[in-house]
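Numbering (the numbering used here), first residue to last: 22 to 200.
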């Protein structure tokens with residue numbers, strides 16, 4: 022099973038669907054490798070005119086699949102840092118595309134999943150979508166450019182509240198605040 026579905030329309034629209042609905046589209050190593058390949062293809066694709074990213078099932082993305090942390094707890098900090106930086110750079114490669122990018126947030130967008138949505142040029146979220154940055158409550162640093170992307174989109178005050186308290190924002194509330 023492909024963890025990313027790529028549907029290229031005749032009009033140049035490319036629909037990318039995160040396809041692990043059983044895991045609420047958590048970003049696995051396999052999905053990350055597939056994303057890297059798709060972003061590399063799209064960088065050179067002169068037929069693509071727009072990219073839309075969404076999630077299969079009821080979630081946009083529950084963020085990074087963190088199960089590897091307990092499985093690989095013996096790695097030294099430099100190796101863990103390198104792994105996370107590679108993960109961040111891969112997913113944020115969407116910002117390097119020279120065509121418009123749109124996040125169609127159909128359900129929860131959590132942590133790194135939220136960051137991917139925020140990295141897109143436009144974000145359209147379902148009214149009942151939950152936008153959540155629970156890094157602090159998980160004991161993690163808010164990585165993947167969360168401390169840059171969230172204030173840029175939501176404003177400094179709301180971004181601080183979301184990052185420090187883990188407060189979620191609905192799609193309706195985000196739209197009401199202009200982001």
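Yeah, the Cβ is synthetic: ideal placement off N, Cα and C, and Gly gets one too.
Quiz item: To the nearest angstrom, how far is it from the Cα of residue 40 to the Cα of residue 52?
Solution: Whole-angstrom Cα-Cα distance: 8 angstroms.
Quiz prompt | Run of the alpha helix (DSSP H) containing residue 168, from where it starts to where it stops | solution = Run containing residue 168: 167-175, per the alpha helix (DSSP H) assignment.
Quiz item: Among 173, 33 and 148, which one has its Cα closest to the Cα of residue 141?
Solution: Ranking the options by Cα distance to residue 141, first place goes to 173.
Exercise. Between the Cα of residue 121 and those of 74, 135 and 59, spot the shortest distance and give me the residue it belongs to.
Key: The candidate whose alpha carbon is nearest that of residue 121 is 74.
Quiz item: Can you give, in chain order, each stretch of the alpha helix (DSSP H) that sits fully within the stretch 46-118 and has at least 4 residues?
Solution: Fully enclosed alpha helix (DSSP H) runs of 4 or longer: 50-65, 88-92 and 98-113.
Quiz item: Would you say residue 107 and residue 82 are within 8 angstroms of each other, going by their C-beta atoms?
Solution: No, these two residues do not count as a Cβ contact at 8 angstroms.
Quiz item: Which same chain residues, not among the five before or five after residue 71, have their C-beta less than 8 angstroms away from its C-beta?
Solution: Excluding residues up to 5 positions away in sequence, 33, 34, 35, 120, 121, 122 and 123 lie with their Cβ nearer than 8 angstroms to the Cβ of residue 71 in the same chain.
Practice problem: Output the distance between the C-alpha atoms of residue 158 and residue 180, rounded to the nearest integer angstrom. | Solution: Cα to Cα, the separation comes out at about 15 angstroms.
Exercise. Could you tell me the distance, in whole angstroms, from the CA atom of residue 139 to the CA atom of residue 185?
Key: For residue 139 and residue 185, the distance between alpha carbons rounds to 18 angstroms.
Quiz item: CB-CB under 6 angstroms to residue 26, same chain, minus the five flanking residues each way: which ones, in chain order?
Solution: Counting only Cβ-Cβ distances below 6 angstroms, and skipping sequence neighbours, we find 38 and 40.
Quiz item: Can you name, in chain order, every residue of its own chain whose Cβ lies under 6 angstroms from the Cβ of residue 150, other than the five neighbours on each side?
Solution: Spatial neighbours of residue 150 in its own chain (CB-CB distance under 6 angstroms, excluding positions within 5 residues in sequence) are listed in chain order as 126, 128 and 192.
Quiz prompt | Environment of residue 165 [buried if 16+ CB atoms lie within 10 Å] | solution = When all chains shown are included, residue 165 counts as buried.
Practice problem: Could you name the residues that DSSP lists as bridge partners for residue 189? | Solution: By DSSP's assignment, residue 189 forms no beta bridge with any residue.
Quiz item: Within 7 angstroms: the Cβ of residue 84 and any heavy atom of the ligand ADP?
Solution: The ligand content of the structure shown is nil, which means the ligand ADP is not present either.
Quiz item: Is the beta carbon of residue 152 less than 8 angstroms from the beta carbon of residue 195?
Solution: Result yes, Cβ atoms of residue 152 and residue 195 sit closer than 8 angstroms.
Quiz prompt | Nearest-angstrom Cα separation, counted from residue 147 out to residue 118 | solution = Distance between the alpha carbons of residue 118 and residue 147: 25 angstroms.
Quiz item: Roughly how far, in whole angstroms, is the beta-carbon of residue 60 from the beta-carbon of residue 114, given that I think they are within contact range, below 8 angstroms?
Solution: Residue 114 and residue 60 do touch by the CB rule: their CB atoms are close to 4 angstroms apart, below 8 angstroms.
Quiz item: Sorted by chain position, which residues of the same chain lie with C-beta nearer than 7 angstroms to residue 31's C-beta, five sequence neighbours on each side aside?
Solution: Sequence-distant partners of residue 31 (beyond 5 residues in either direction) whose C-beta falls short of 7 angstroms from its own C-beta are missing from its chain.
Quiz item: Can you give the Cα-Cα distance for residue 199 and residue 175, rounded to whole angstroms?
Solution: In a straight line, the C-alpha of residue 199 is about 8 angstroms away from that of residue 175.
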